[in-house]
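Student: Starting off with a structure, shown below.
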Amino acid sequence: MNERRWLNQYQPQTLVMGTMLCYLQAFFIFLFEFDERPVFWTLLICVGLVAGGYGIANEKKWGYMVAVGAALLQVAVMLVVFGADVLAFPVIIGFMFDVALVALLLHPQSRDYQKIWFS
Numbered sequence: 060m061n062e063r064r065w066l067n068q069y070q071p072q073t074l075v076m077g078t079m080l081c082y083l084q085a086f087f088i089f090l091f092e093f094d095e096r097p098v099f100w101t102l103l104i105c106v107g108l109v110a111g112g113y114g115i116a117n118e119k120k121w122g123y124m125v126a127v128g129a130a131l132l133q134v135a136v137m138l139v140v141f142g143a144d145v146l147a148f149p150v151i152i153g154f155m156f157d158v159a160l161v162a163l164l165l166h167p168q169s170r171d172y173q174k175i176w177f178s
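Note that the sequence shown ends on residue 178 in the working numbering; no numbers are left out.
So, in structure tokens, the structure goes:
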């Protein structure tokens, strides 16, 4: 039986939280951040986070790579757009969630699981 899912709770905690954070960040980017960042990069990040989260939930290597790429791109765009102001109060909260997503996806437990089980 080939079951597709949006969230796989049988994965390690770091991947489950990373998947949920991918979806949550894509939702908030879609709602609030199209005016603060360049539209092309924002749309690319939003689509990448949703596709990556779905791929991770279905244990696909491409999903893990897309999610990591979108998360790293999100951090890079934040640094380019805001520069040193990324450490200012309202921006730093969003930046902390971006860095947390990268940390969850690149955690050794997440990387080991995807190396062994993802196809």
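Every residue gets a Cβ at the ideal spot worked out from N, C-alpha and C, and that includes glycine. Just so we're clear, the structure is a prediction, and the values are computed from it rather than from any experiment.
Return the residue from the list Ala110, Pro149 and Arg64 that minimises the CA-CA distance to Gly128.
Tutor: The candidate whose alpha carbon is nearest that of Gly128 is Ala110.
Student: Classify Ser169: buried if its beta carbon has 16 or more other beta carbons within 10 angstroms, exposed otherwise.
Tutor: Answer is buried; the Cβ neighbour count reaches 16.
Student: What is the DSSP secondary structure of Trp65, reduced to helix, strand or coil?
Tutor: Reduced to three states, the DSSP call for Trp65 is coil.
Student: Under the rule that 16 or more other beta-carbon atoms within 10 Å means buried, what is Val136, buried or exposed?
Tutor: So Val136 ends up on the buried side.
Student: The alpha helix (DSSP H) spanning Asp171 covers which residue range?
Tutor: Looking at the DSSP string, the run of the alpha helix (DSSP H) that includes Asp171 is Pro167 to Trp176.
Student: Helix, strand or coil for Met60 per DSSP?
Tutor: Confidence is the limiting factor: at Met60 the pLDDT is only 43, short of 50, which leaves the residue's position unreliable, though a coordinate-based value still follows. Here Met60 sits in coil by DSSP.
Student: Based on Cα-Cα distance, which residue from Ser178, Val145, Val161 and Gln173 lies nearest to Cys81?
Tutor: With distances taken between Cα atoms, Cys81 lies closest to Val161.
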